[in-house]
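Trainee: In terms of full-length UniProt numbering, the sequence shown has 83 at position 83, counting the first letter as 1, and numbering is strictly consecutive.
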Amino acid sequence: AREKAAAVEVVEAEMAAALEALADEMRAVENDKMEALEAATAAAAREQAAVTQELRENMSRAMHEAAMAHTADKAAVVQVAEGRMHAAIATATSEKSKALEAAVAEAAEEKAAVLQAMEVEHALALEGLRKEVAAAERIAAAAKAAELMAAERAAALE
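1. Check whether the Cβ atoms of Gln53 and Leu100 lie closer than 8 Å to each other.
2. My guess is that Ala117 and Ala40 are in contact by the Cβ rule of under 8 Å, so how many angstroms apart are they, rounded?
3. In whole angstroms, give me the CA-to-CA distance for Ala140 and Ala45.
4. Which of the three DSSP states is assigned to Glu158 in this structure?
5. In whole angstroms, what is the alpha-carbon distance linking Glu158 and Ala143?
6. Tell me which same chain residues have a C-beta within less than 7 Å of the C-beta of Ala154, skipping the five on either side of it?
7. DSSP three-state label for Ala1, please.
8. In whole angstroms, what is the alpha-carbon distance linking Arg130 and Ala5?
9. Leaving aside the five residues before and after residue 167 along the sequence, list all residues of the same chain whose C-beta is less than 7 Å from its C-beta, in chain order.
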């Protein structure tokens, strides 16, 4: 009975250590995913800054061209240049915005999927540990019952 009780204590200690190791591993995985998401977000911000700078340069260039054309008294050229400028800005802004939105949405979906998978794994691990604890408790109860029966027999023999 003492051996069984000691075995139950060993199993309980092993289960506690396994649960702690699982929790540590899950935290490490979550930290890795968060770092990857932050890196993707920073990359998207850098890309947006580069696009904004490019748009400013294009606008400045287009405005300079428009000013030169206006100075030369070529109203038609000014209108064409302005139209090109606005079309280029609208196209570039739309394309880059869509790409950035898609990247952010994809990163958010990936994060949600990873967190959901981690929750499922954690729940399954906890359920497994609960079953092991229940089995250990049944073993301990059986050992206690056997010990009581042995004590009763010893008392009856005396």
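The C-beta atom is built at its ideal place from N, Cα and C for all residues, glycine as well.
Mentor: According to the data block:
1. In terms of Cβ geometry, Gln53 and Leu100 do not form a close pair [threshold 8 Å].
2. At roughly 18 Å, the Cβ-Cβ gap does not stay under 8 Å, so Ala117 and Ala40 are not in contact.
3. 59 Å
4. Coil at Glu158, not helix or strand.
5. 23 Å
6. Apart from sequence neighbours up to five positions away, no residue of its chain approaches Ala154 with a beta-carbon distance below 7 Å.
7. coil
8. Roughly 18 Å separates the two Cα atoms.
9. In the structure displayed, the chain extends from 1 to 158; residue 167 sits before or after that span and is not available.
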